[in-house]
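Student: Numbering (our numbering), first residue to last: 1017 to 1324. Submitted below is the structure of interest, expressed as structure tokens.
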Ligand code: HMG
Ligand code: MG
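Here you go:
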């Protein structure tokens, strides 16, 4: 039997943070509900980052207490620092009894320039900050995911030494992260590079604690997932319809599309727990909400077939 796979949905966060259109809070909640009802059990819902940096997600304080309570579905939100954690804890307090299950995700880059651009900190400063934030989040009873960005390449520095990515990932685990997601932030990885970098990181972190977060900018994301599967990785991040991309790079596609990932995995005999028809409906909803044709290939094929 092929191993069951966790498809970790990042559309409402990684997707919407990069869309030019700002989606209203009720529309975001409708999308999250559609994703949960399609069988996605881990949904990254929003970020408690600076509203000046990411205005698209500035409604996080209102969104989190209103997240739909769905059986078996839990949420993750990005928390960059102590202030973000405080905002998350406050949102959960306001949600009161029966608050949705929410975990925190911290993030930083393997490369110096991307970390500065994204977090206004050096890598060392981010490590010091997260060394306090991760245990503080656990002190609130939260599970914590850690992201390492630019693991496979940096938009400013080019190639990134796998030792640097491994060192950051190891520190995140040491701080108390339950899982570390390895980010191909700009979609430059190939299967050969994925094998090389992930094999290195597997020397110190077990496969069960790792996830792969591939962007599909150059069309290699699914191939990289296959390389990850071969190495025993069982959690893959993806975004409904391939939502996202970069508002400053017209035509650039975003994360690996969830429907493409589910189609491939299920076809290979891996259980994902996802209802394919409901997933396509969620993709159609995402497309309506952002008002543009999304890049997901399976989504477009299915929509064309059902409209024919
Ligand atoms: P900063 O300007 O250095 O912040 O930004 P600061 O600590 O100097 O504070 C400046 C002001 O921001 C203060 O307010 C703070 O209170 C406020 P003022 O006193 O001027 O009124 N502030 C905050 N407000 C709300 N929420 C907060 C917060 N923190 C400080 N949490 C900061 C530092 C981390 C805030 C900023 O750099 C930031 O928000 N960055 C986030 C960027 C981001 O969200 N990037 C996308 C997510 S990462 C990603 O997409 C990669 C991933 O998908 C994996 C992959 O693909 O590789 C995960
Ligand atoms: Mg990303």
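Note that CB positions come from ideal geometry on N, CA and C, so glycine has one too.
Thinking C-alpha only, which one of 1307, 1300, 1223 is nearest residue 1323?
Tutor: 1300
Student: Tell me the rounded alpha-carbon separation between residue 1276 and residue 1035.
Tutor: 20 angstroms
Student: For residue 1303, collect the residues of the same chain with a Cβ closer than 7 angstroms to its Cβ; drop the 5 residues on either side in sequence, then sort them by chain order.
Tutor: 1257, 1309, 1310
Student: Would residue 1230 and residue 1184 be called neighbours here (beta carbons separated by less than 8 angstroms)?
Tutor: no
Student: Give the DSSP-derived three-state secondary structure of residue 1228 in the structure shown.
Tutor: strand
Student: How is residue 1187 classed by DSSP in three states: helix, strand or coil?
Tutor: Three-state result, residue 1187: helix.
Student: One question on the structure: do residue 1233 and residue 1206 come within less than 8 angstroms of each other, judged by their Cβ atoms?
Tutor: no
Student: Determine the DSSP secondary structure at residue 1034, reduced to helix, strand or coil.
Tutor: Residue state, collapsed to three classes: helix.
Student: According to DSSP, is residue 1019 part of a helix, a strand, or is it coil?
Tutor: coil
Student: How big is the Cα-Cα spacing for residue 1176 and residue 1169?
Tutor: 5 angstroms
Student: Would residue 1009 and residue 1023 be called neighbours here (beta carbons separated by less than 8 angstroms)?
Tutor: This structure does not reach residue 1009, given that the chain is present from 1017 up to 1324, and the question cannot be answered.
Student: Count the CB pairs spanning the segment 1043 to 1059 and the segment 1191 to 1198 that are closer than 8 angstroms, and state whether there are at least three.
Tutor: no
Student: Buried or exposed: residue 1224, going by 16 or more other Cβ atoms within 10 Å of its Cβ?
Tutor: The residue is exposed, with fewer than 16 neighbouring Cβ atoms inside 10 Å.
Student: Am I right that residue 1215 and residue 1245 are in contact with their C-beta atoms under 8 angstroms? What's the rounded C-beta distance?
Tutor: Contact doesn't hold; Cβ gap of about 13 angstroms is too wide.
Student: Measure the C-alpha to C-alpha separation of residue 1187 and residue 1138 and round it to an integer number of angstroms.
Tutor: 15 angstroms
Student: Please name the residue, chosen from 1033, 1099, 1085, that lies closest to residue 1113 on a Cα-to-Cα basis.
Tutor: 1085
Student: With residue 1162 and residue 1122 assumed to form a contact (beta carbons below 8 angstroms), what rounded beta-carbon distance in angstroms separates them?
Tutor: 5 angstroms
Student: By alpha-carbon positions, which one of 1222, 1019, 1041 ends up nearest to residue 1081?
Tutor: 1041
Student: For residue 1256, does the three-state DSSP call read helix, strand or coil?
Tutor: helix
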